[in-house]
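Residue numbers (the working numbering), protein chains in the order written: chain A, 52 to 560; chain B, 3 to 264.
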Amino acid sequence: MNAGAGAASVSGTPGAGTLAASVPELWDLVASEVAGGARFAGLMATRHPAGLALSAHVAGLGRVATWEAVLPPGAGSYPALSSALDAAFWYEREIHDLFGIIPEGHPRLEPLILPLLDEHAPRPQPGAPGPAPPGIWPDEHSIPRHVMGPGLFTIPHGPVRSGVMESIEYLVETPGEDIAHLNMRVFYKHRGIEKRFEQLPAADGVLLAERTEGVASVAHALAYCHALERLAGISVPWPAGLVRVLHAELERLAAHLDAAVRLADAGGLAVATARFGVAKERIARLVSRMCGSRFGRGVVVPGGVRALPQLGLAEFRAEIGRLERSITADARVLMGTASFLDRLRRTGPLRPERARQHGALGPIGKASGFSDDARLSRPYDAYPSLGLTGLRPHTDGDALARLQVRWDEVRQSFHLLRQAADELAEVSEGPLRAPCEVSSGRATGWAEAPQGEVLYDVAVQDGQIARCRPRSASFHNLVLFHEVFAGDILTDFPFIEASFGLSVAGVSL
Amino acid sequence: MSPWVLRGLRDGVVTTRWPGRPDPYADRWRGPATVADPRPAEVAGLASLCPTGAITTAADGSVRLDQGRCIQCGRCVDQRPDVFGWSLGPAAEALTRPALVMPQTSETEQGLAAVRAGLAARTTALRRSVHLRHVDAGSDGAEEQEIAALLNPVYDIHRLGIFFTASPRHADVLLVTGAGAHGMAEPLRRTYTGMPDPKVVVAVGTDAVSGGLAGSGYATAGGVGDVVPVDVWVPGSPPSPFTILHALLVALGRPPRRTEGQ
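(1) So what does DSSP say about serine 464 (chain A), is it helix, strand or coil?
(2) With a threshold of 9 Å between beta-carbons, can aspartate 255 (chain A) be considered close to chain B, or not?
(3) Against chain B, with Cβ distances strictly below 9 Å, would phenylalanine 346 (chain A) count as a contact?
(4) Listing by chain order, which chain B residues have their CB less than 8 Å from the CB of proline 486 (chain A)?
(5) Using the rule of at least 16 other Cβ atoms within 10 Å of the residue's Cβ for burial, across every protein chain shown, is proline 353 (chain A) buried or exposed?
(6) Going by Cα to Cα distance, which pick from A:Leu70, A:Gln176, A:His208 and A:Gly113 is closest to phenylalanine 567 (chain A)?
(7) Going by C-alpha distance, which of B:Ile246, B:Gly10 and B:Phe166 is nearest leucine 134 (chain B)?
(8) Any beta-carbon of chain A closer than 9 Å to the one on glutamine 74 (chain B)?
(9) Nearest-angstrom Cα distance between leucine 128 (chain B) and valine 65 (chain B)?
(10) Relative to the C-alpha of proline 5 (chain B), which candidate in A:Arg522, A:Arg114, A:Gly178 and A:Ala380 has its C-alpha closest?
(11) Under 9 Å, do arginine 333 (chain A) and leucine 374 (chain A) count as touching if we go by C-beta distance?
(12) Please name the residue or residues paired with phenylalanine 165 (chain B) in a DSSP beta bridge.
(13) Output, in chain order, the set of chain A residues within a Cβ distance shorter than 9 Å of alanine 253 (chain B).
(14) Would you be able to state if there are at least three C-beta pairs under 8 Å between the region 488-500 of chain A and the region 363-373 of chain A?
(15) Less than 8 Å between C-beta atoms, sequence neighbours within five positions excluded: which residues of the same chain meet that for glycine 185 (chain B)?
(16) Please compile the residues from chain A whose C-beta is within a distance smaller than 7 Å of the C-beta of valine 16 (chain B).
(17) Taking 8 Å as the cut-off, does the region 519-530 of chain A touch the region 445-452 of chain A (at least 3 CB pairs, one atom from each stretch)?
(18) Classify serine 344 (chain A): buried if its beta carbon has 16 or more other beta carbons within 10 angstroms, exposed otherwise.
(19) What residues from chain A crowd round arginine 81 (chain B), counting only those whose CB sits closer than 9 Å?
(20) Decide if asparagine 53 (chain A) is buried, meaning its Cβ has at least 16 other Cβ atoms within 10 Å, or exposed.
(21) So histidine 108 (chain A) packs on leucine 506 (chain A), CB below 8 Å; how close in whole Å?
(22) With a cut-off of 8 Å on the beta carbons, I'd call alanine 56 (chain B) and arginine 71 (chain B) a contact; round off their distance for me.
(23) Starting from methionine 235 (chain A), follow its DSSP beta bridges and name the residues at the other end.
(24) Taking only three categories from DSSP, how would you classify aspartate 138 (chain B)?
(25) To the nearest angstrom, report how far apart valine 103 (chain B) and glycine 91 (chain B) are at their CA atoms.
(26) Mind checking if proline 201 (chain A) is an interface residue toward chain B, Cβ cutoff 9 Å exclusive?
(27) I want to see whether chain B comes within less than 9 Å of threonine 225 (chain A), judged by CB atoms only; does it?
(28) Can the beta-carbon of lysine 246 (chain A) be found closer than 9 Å to that of proline 177 (chain A)?
(29) Using DSSP's beta-bridge definition, name the partner residues of glutamate 499 (chain A).
(30) Taking only three categories from DSSP, how would you classify valine 115 (chain A)?
(31) Under 9 Å between C-beta atoms, does serine 268 (chain A) make it to chain B?
(32) Consider the Cβ of lysine 417 (chain A): report whether some Cβ of chain B lies at a distance smaller than 9 Å.
(33) When you check each C-beta in the region 171-201 of chain A against every C-beta of chain B, which residues fall closer than 7 Å?
(34) Starting from the beta carbon of glutamate 264 (chain A), find every residue of chain B whose beta carbon is closer than 7 Å, and list them in chain order.
(35) Counting pairs of beta carbons, one from the region 506-521 of chain A and one from the region 247-265 of chain A, are three or more of them closer than 8 Å?
(36) Note the first and the last residue of the continuous beta strand (DSSP E) segment covering glutamine 515 (chain A).
Pasting the structure below:
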């Protein structure tokens with residue numbers, strides 16, 4: 052294996068990341084990038100005949116770099132990155148669950164997405180060719196239970212929780228009122244999505260991407276298609292880029308309104324809950340009138356979009372105008388309701404230095420003064436030509452700041468929607484789809500979901516997906532949930548959870 | 003006075019009157035794909051159109067489509083509009099798994115009548131005090147959004163005497179979403195066992211019915227039917243709130259009258 056320099060490729064994955072000679076060298080490369088201002092964007096592994104490839108993603112201006120090192124076959128461990136870089140904490144636990152390889156020196160190597168009692172049990176091994184592994188049943192007994200101090204007890208909260216929620220278990224350690232410590236178990240709804248991708252032709256992968264994290268269907272489809280389009284070396288036709296922006300921004304509005312519904316509900320504001328719920332329903336209906344699906348599914352295809360919106364642009368503009376007036380007025384009243392703001396202020400704070408260290412994505416990062424919006428720093432589709440400016444800075448990092456960021460983004464989304472609709476009105480007949488034939492290669496693709504950046508690393512071999520790693524913003528951000536309960540009490544929990552606005556489906560793929 | 007009082011009065015009544023009155027959004031909803039021409043002139047290549055294997059062709063030249071596998075991607079309708087089309091309206095559910103295969107055969111229709119009578123006998127006592135419990139068994143998160151939408155003022159299912167409850171002990175109906183993740187099998191089973199009789203299980207979404215595109219891999223069971231006994235199967239990726247509501251009313255023996263467009 053040749054050392055460091057140049058874009059050498061790993062066998063079986065031509066066009067893969069820059070190869071480091073060893074894992075410590077790989078970590079040094081990542082550390083120097085991060086020290087130079089880049090953001091640690093993810094860590095993944097792939098099983099190859101030649102060994103286990105560890106790939107780190109580092110996001111900078113205009114690019115996501117992939118650095119890679121290969122462990123020889125039979126290697127049982129490697130020196131952990133988490134001991135130097137906290138942000139890799141969950142990534143290395145996930146890699147351990149999927150491959151059984153041990154990161155030496157990891158601060159707490161407990162199962163995350165696939166708890167198995169037997170350390171030598173068969174693991175999914177994404178990337179390994181051949182048939183998918185037979186059934187693997189998780190066993191929660193393999194997760195140690197610990198309580199941190201005397202007088203504390205644990206309240207298990209989940210996986211079946213009150214309300215209509217995705218399955219996750221929170222273990223809240225408390226002396227009675229304060230939340231002393233919180234643990235999360237995200238494995239319950241692990242679906243084996245990464246292995247499922249490997250059974251699909253590249254063209255069908257977008258359908259699974261849309262169903263990886265439902266509340267970010269469009270963003271996942273975009274990130275997947277961007278990877279394929281980068282491989283094919285094509286850019287999408289201008290009108291297709293505009294249609295993509297329309298759906299991506301409507302998805303953002305729906306997700307931010309959902310966060311507002313949940314926060315208002317937690318605060319007991321019945322009218323606000325109802326009104327934001329109606330607004331969200333109207334957006335879902337608008338999306339379904341445009342494309343038939345309330346989640347924008349089926350719109351984004353490799354190379355472009357399937358069709359123009361079925362709804363006339365005049366009607367679209369009118370509905371957007373009505374929605375903006377209604378939502379803006381309700382949001383203004385909400386942000387003037389003192390009893391509500393009192394519940395959010397200084398609740399669930401994330402310190403700015405932690406947000407920066409972790410590279411916190413989306414509204415969570417922005418509320419703590421760290422912003423790396425893929426639409427701005429690595430723009431795609433029609434975004435470079437539309438007026439998109441940075442948001443006013445926030446540094447409070449509490450649930451209130453996260454809601455303020457969402458309202459700022461809502462305003463920005465309406466602005467983008469109007470611009471994109473105006474541009475689309477000028478477009479004459481033309482193709483909506485560029486040919487996107489990919490036979491072999493590997494590339495990354497990204498898109499800014501409502502929760503933050505979604506990153507896909509896709510390897511294709513002879514038209515079939517050889518490895519596909521979706522990294523959702525939910526996965527990257529949810530680990531921060533451990534850290535935001537300083538001084539908060541049990542009744543703050545729903546506010547903090549709603550202010551994070553993440554989806555468990557994207558965490559435990 | 004709180005500004006919310008005026009905000010709340012602002013838009014008047016937004017709640018649908020469905021199922022008492024027709025609702026255009028419900029009636030025009032694009033449901034799962036269906037077979038428009040079960041005996042097309044050319045069947046070669048039809049089965050390979052579907053990424054979830056919902057389409058089968060028989061040696062006698064007939065085509066069948068399993069709506070329980072349909073993820074509404076629209077490839078079959080786009081490629082062969084002569085053979086496939088969309089089903090319209092909120093009625094997508096079936097009371098047995100084979101009844102989701104289109105076109106329906108006369109045997110399934112006869113069997114269905116008996117199943118429908120049995121289900122109605124179980125649920126008739128619930129009348130207008132029905133409590134729902136939802137369990138996510140490995141969904142993509144979209145079905146949860148659509149079930150939760152039933153609580154917004156547009157659908158307002160409380161007006162139909164249907165409520166959500168936190169405790170399985172108070173629940174009459176279990177709504178299950180997701181492809182049947184192995185990690186949720188035991189919590190789902192415990193929730194089901196904890197419910198009093200009579201109880202009804204509704205599998206919400208194509209993932210819950212058949213596993214959908216997630217299929218049956220190392221971590222999923224290809225639907226929830228092997229974990230709990232499903233009474234009502236509701237395909238859709240995800241099904242719309244009206245589709246879920248329609249299925250609930252059918253489960254409760256209160257099927258909405260068919261309206262125009264269906």
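Even glycine gets a Cβ: it sits at the ideal position worked out from N, Cα and C. None of these values were measured; they are calculated from a predicted model.
Considering the structure as presented:
(1) Here serine 464 (chain A) carries a helix assignment [DSSP, helix/strand/coil].
(2) At least one chain B Cβ lies under 9 Å of aspartate 255 (chain A).
(3) At least one chain B Cβ lies under 9 Å of phenylalanine 346 (chain A).
(4) Within chain B, no C-beta atom comes nearer than 8 Å to that of proline 486 (chain A); the closest sits roughly 17 Å away.
(5) Proline 353 (chain A) is buried by the Cβ-count criterion.
(6) Here chain A covers residues 52 to 560 and nothing more, so residue 567 (chain A) does not appear.
(7) If we check each option's Cα against that of leucine 134 (chain B), B:Phe166 comes out closest.
(8) True, the Cβ-Cβ gap to chain A drops below 9 Å.
(9) Straight across, the Cα-Cα distance linking leucine 128 (chain B) with valine 65 (chain B) is about 40 Å.
(10) The residue with the shortest Cα to Cα distance from proline 5 (chain B) is A:Ala380.
(11) At a Cβ-Cβ threshold of 9 Å, arginine 333 (chain A) and leucine 374 (chain A) count as neighbours.
(12) Phenylalanine 165 (chain B) has B:His133 as its beta-bridge partners, per DSSP.
(13) Going along chain A, no residue has its Cβ under 9 Å from alanine 253 (chain B), so there is no contact; the nearest lies around 17 Å.
(14) No, because fewer than three Cβ pairs between the region 363-373 of chain A and the region 488-500 of chain A fall closer than 8 Å, the two stretches do not touch.
(15) Counting only residues of its own chain and dropping the five nearest sequence neighbours on each side, glycine 185 (chain B) has a CB closer than 8 Å to the CB of Gly140 and Ala221.
(16) By Cβ distance, chain A contributes Val329.
(17) No, the region 445-452 of chain A does not touch the region 519-530 of chain A.
(18) Counting every other CB atom within 10 Å of its CB across the protein chains shown gives serine 344 (chain A) a total of 16 or more, marking it as buried.
(19) According to the sequence as given, residue 81 (chain B) is glutamine; it is not arginine. Listed along the chain, the chain A residues whose CB falls inside 9 Å of the CB of glutamine 81 (chain B) amount to none; the nearest CB is some 12 Å away.
(20) Reliability fails at asparagine 53 (chain A), whose pLDDT of 34 lies under 50, so the model's placement of it is uncertain and no value is given.
(21) Rounded, the Cβ-Cβ distance is 6 Å, consistent with contact.
(22) The Cβ separation is near 4 Å, so the contact holds.
(23) Partner(s): A:Tyr221.
(24) In this structure, DSSP gives aspartate 138 (chain B) an extended state, which the three-state scheme calls strand.
(25) Their Cα atoms are separated by approximately 17 Å.
(26) Residue-level contact check: proline 201 (chain A) does not touch chain B, since none of the beta carbons of chain B fall below 9 Å from its beta carbon.
(27) No, because no Cβ of chain B sits closer than 9 Å to the Cβ of threonine 225 (chain A).
(28) Contact annotation: lysine 246 (chain A) and proline 177 (chain A) have beta-carbon atoms nearer than 9 Å.
(29) Its beta-bridge partners are A:Glu504.
(30) In this structure, valine 115 (chain A) counts as strand in the three-state DSSP scheme.
(31) Nearest CB-CB separation between serine 268 (chain A) and chain B: below the 9 Å threshold.
(32) Not closer than 9 Å to any Cβ of chain B, the Cβ of lysine 417 (chain A) fails to qualify, so no.
(33) Cβ contacts with chain B: Pro175, Ala183, Pro184, Pro185, Gly186, Ile187, Trp188 and Pro189.
(34) The answer, in chain order, is Asp142 and Gly143.
(35) Short answer: they touch.
(36) First-last of the beta strand (DSSP E) with glutamine 515 (chain A): 515-522.
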